[in-house]
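Undergrad: Residue numbers (this note's numbering): 605 to 1157. Take a look at the following structure, please.
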Amino acid sequence: MSKTEVVNNPLSILLISVSSPEHYALWNALSIETLAGDIKGTFGNKVQVRINRIRQNTDIDVVIENLDPATGIIGISVELGSLLLIKVLVERLKTHLKSQNFKPTIVFGNTIPTYQPDLFFDIWPSAIVVRGEGEFSFRGIVNHLLNNKRLDEIPSLVFRKDGVKVSTRFTPPDLTLLKHSPTLDTINEVLSCNGSALMETSRGCPWSRCSYCSIASFRNGRKWESLPLERIRENLIKLIDAGVQEIEFTDADFMGGRSIEHTERIQQLSKIIRDVSLFYNKQISFRVFLTPQILYRPEDEEGNIRIKKALESLKAAGMSKVYLGVESGCQSQINRYKKGSKLSAHSHVINMLRKEIGCEIDFGFLLFDPNLTLKEMSSDIKFFKDQDLLRGNQWPFRPIRVVHDTPLHKTLLEAGQLGEFDENLLNYSYSFSDKKVQIIADIVDNLSAETREIFYAVKTISKLQISPGKQTKAAICALDIVKENALIYLDLMEALEKQIKKKIPDIEPYKQLARKHIDNLIKKTKHEVEKGLLIEHADFLLQRIKEYQELKQ
């Protein structure tokens, strides 16, 4: 499309969210809905914005069949795990665009393009890549087509000019200027499967020092910032008006800090939620992400009192669950993760949230890391069981991800422990410094790989409702299944940790016992699917169960 063609006609923009085919959409496509809302709010009737979502090959057919020849920009959001679908989409798009003889501007964004822009020039040489948060960058691209704005004046872009790669200054947007709330293009998908809607009130992390985390690099070093309260109110009103009753706030840390300013902001947010709920006569349930080092510090009792009052206000507004980034049950591992917190504080926060605030907790827990020792593993398992973390984490054997350009990545690179890089997931394989831990990790990984897709699908069903009081029979059944699966691995790891320290360890009987329990759980899962209780992903589950059982015959 030439720039003169858009003078009298709205610029047609298609935004496509491409997800991993191995994951399931319980939520709205917040990234591109956020971008769509900003573009529409900024440019008004000068643009027309449509959204498509791709999670499997058949979705690509829909995109191609409905592609408007007048489209001026095709923006593609590349989520982790989606590269196979991206490559299919690109080939289909190239063929279709050539046959129709039109050349829209192609833009790639989200996590993978941010860290691997060259990968996308290999598959689409004339593409533009947006790094990090894309609102200001995409506004600039729209102005490039509407008003001849120079690409090299637009922040956070990578593109080719006369065959030479050009990278503009990597600058995250000023959040105070992001006043337009997201669109709701994919909300009906959420409502149809009883899922919860994603919403954000802030970006970044107040700590930003964890050894394994890439939030800081994605924001080019910028820490926690709040979005405008009026935008948050508008977003909430739109969601509730659409019929949403359960919300998952995606903020890395909902509090953002312990200061008076931060706790007053929480009181304001709580009031907004209560007021909107009262106006619509609907009780909203929501989950927030919090970190122990923000919630409790033994040396700051005044701050602890403010934090507790803020939590009580959130609870009164509808907070039914907290995602708590505990990550470990061992102080030496917490130090290695650079969490900036004490294990005793973790225990205090768990007790406070459960007993004083009366809130259920989902737990972040990263048991396997490259420098884990047997003693630390034993402490982790004991902490997991003693604190009854199984109520809020059904994947206790999760390994830490070594993401490119994080402190952990640099440490392992120097130590020679890094393996191959997976460009699809942006992480590295790695070896364990303790060879006995390596043996246990390999056993757990190999065993869980056989049923991972099955139990992950069941896990997604268990997450359909945030509020325990609103859970369906299917969600309760699914939760029981994944808890039973988690317990199998906890018991296995505990037994292996004890056995492998012996002079002549006898490991095989424990592996066989775990496999027997897993086989029985697979049969139970199949029975629940065939009864019609686990309707979500039923075809997928039955097919994967069939493949697993045939493999074991």
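For each residue, glycine too, the CB sits at the ideal point set by N, CA and C.
From this set, Gly907, Ile745, Ala846, which residue's C-alpha is nearest isoleucine 678's C-alpha?
TA: Ile745
Undergrad: Taking 8 Å as the cut-off, decide whether the C-beta atoms of methionine 981 and tyrosine 900 are in contact.
TA: no
Undergrad: Can you tell me the Cα-Cα spacing of valine 1086 and asparagine 798, whole angstroms?
TA: Each residue's Cα considered, the two are about 19 Å apart.
Undergrad: Kindly identify the DSSP beta-bridge partner or partners of glutamine 871.
TA: Secondary-structure assignment with DSSP links glutamine 871 through no beta bridge to anything.
Undergrad: Could you pull out every residue in the same chain whose Cβ sits closer than 6 Å to the Cβ of lysine 1130, ignoring the five residues on either side in sequence?
TA: Ile1149
Undergrad: Measuring from the CB of aspartate 756, is there a heavy atom of the ligand HEM at a distance below 7 Å?
TA: Absence of the ligand HEM is noted for the structure shown, with no ligands found whatsoever.
Undergrad: On the three-pair Cβ rule with 8 Å, is the stretch 619–632 touching the stretch 650–661?
TA: yes
Undergrad: Can you tell me the Cα-Cα spacing of phenylalanine 1001 and glycine 767, whole angstroms?
TA: Across the structure, phenylalanine 1001 and glycine 767 are spaced so that their CA atoms are roughly 47 Å apart.
Undergrad: Alpha carbon to alpha carbon, how far is leucine 1068 from isoleucine 1126?
TA: 21 Å
Undergrad: Quick one, are the C-beta atoms of methionine 803 and isoleucine 851 less than 8 Å apart?
TA: yes
Undergrad: Taking the Cβ atom as the reference point for each residue, do lysine 1063 and leucine 1137 lie within a distance shorter than 8 Å?
TA: no
Undergrad: Where does serine 917 land, buried or exposed, given buried means 16+ other C-beta within 10 angstroms?
TA: buried
Undergrad: Could you tell me the distance, in whole angstroms, from the CA atom of serine 821 to the CA atom of asparagine 1031?
TA: 14 Å
Undergrad: Identify whether arginine 1148 lies in helix, strand or coil by the three-state DSSP scheme.
TA: helix
Undergrad: Can the beta-carbon of leucine 831 be found less than 8 Å from the beta-carbon of threonine 854?
TA: no
Undergrad: When you compare each of Leu873, Ser889, Arg910 to serine 1217 by their alpha carbons, which one comes out closest?
TA: Since the first residue shown for the chain is 605 and the last is 1157, residue 1217 is missing from the structure and cannot be characterised.
Undergrad: Got a sec, what are the start and stop residues for the beta strand (DSSP E) alanine 1090 sits in?
TA: Boundaries for alanine 1090: no beta strand (DSSP E) harbours it, while the alpha helix (DSSP H) harbouring it runs 1077–1103, taken from the DSSP string.
Undergrad: Between the stretch 925–941 and the stretch 985–1002, are three or more C-beta pairs nearer than 8 Å?
TA: The stretch 925–941 vs the stretch 985–1002: in contact.
Undergrad: Report buried or exposed for serine 638, applying the criterion of at least 16 other Cβ atoms within 10 angstroms of its Cβ.
TA: The amino acid at residue 638 is misidentified as serine; the sequence shows threonine. It is buried - the Cβ of threonine 638 has at least 16 other Cβ atoms within 10 Å.
Undergrad: How many Å lie between valine 666 and isoleucine 710 at the Cα?
TA: 18 Å
Undergrad: On the DSSP bridge list, what partners appear for asparagine 709?
TA: The residue you asked about is not asparagine; residue 709 is threonine in the sequence shown. DSSP output for threonine 709 lists Ile677 as bridge partner(s).
Undergrad: In whole angstroms, give me the CA-to-CA distance for proline 721 and aspartate 1049.
TA: 31 Å
Undergrad: Which parts of the stretch 952–1020 are runs of the beta strand (DSSP E), unbroken and 3 residues or longer, counting only runs that do not cross its ends?
TA: 964–969
Undergrad: Assuming serine 796 is part of the alpha helix (DSSP H), what are its boundary residues?
TA: 791–796
Undergrad: For tyrosine 1093, which option in Ser1066, Leu894, Thr1055 has the closest C-alpha, if you only look at C-alpha atoms?
TA: Thr1055
Undergrad: Just to check my reading of the structure: histidine 1141 and alanine 1061 have Cβ atoms closer than 8 Å, yes? What is that Cβ distance to the nearest angstrom?
TA: 5 Å
Undergrad: Between which residues of its own chain and valine 651 is the CB-CB distance below 7 Å, once the five residues before and five after are set aside?
TA: Pro614, Leu615, Ile617, Ile643, Lys644, Val746
Undergrad: Return the Cβ separation of proline 1011 and lysine 942 in integer angstroms, given the expectation that the two are a contact with Cβ distance under 8 Å.
TA: 7 Å
Undergrad: Is it buried or exposed for lysine 925, if we count other Cβ within 10 angstroms and need 16 for buried?
TA: buried
Undergrad: Where are the beta strand (DSSP E) runs, 3 residues long or more, that stay fully inside the stretch 728–757, in chain order?
TA: 732–734
Undergrad: Kindly list the residues whose CB is nearer than 6 Å to the CB of valine 848, restricted to its own chain and excluding five residues on each side of it in sequence; keep chain order.
TA: Ala801
Undergrad: Would asparagine 997 be called buried (16 or more neighbouring beta carbons within 10 Å of its own) or exposed?
TA: buried
Undergrad: For valine 611, count neighbouring Cβ atoms within 10 angstroms of its own Cβ and tell me buried if that reaches 16, exposed if not.
TA: The predicted model places valine 611 with a pLDDT of 49, which falls under 50 and marks its position as unreliable; any figure quoted below should be read in that light. With fewer than 16 Cβ atoms within 10 Å of its Cβ, valine 611 is classed as exposed.
Undergrad: Let me know the beta strand (DSSP E) ranges lying completely inside the stretch 630–681, each 3 residues or longer, listed in chain order.
TA: 651–658
Undergrad: Taking the alpha carbon of lysine 1128 as the point to measure from, which residue in Gln1116, Glu1112, Pro1113, Leu1145 has its own alpha carbon closest?
TA: Leu1145
Undergrad: Are serine 785 and arginine 940 close, meaning C-beta to C-beta below 8 Å?
TA: no
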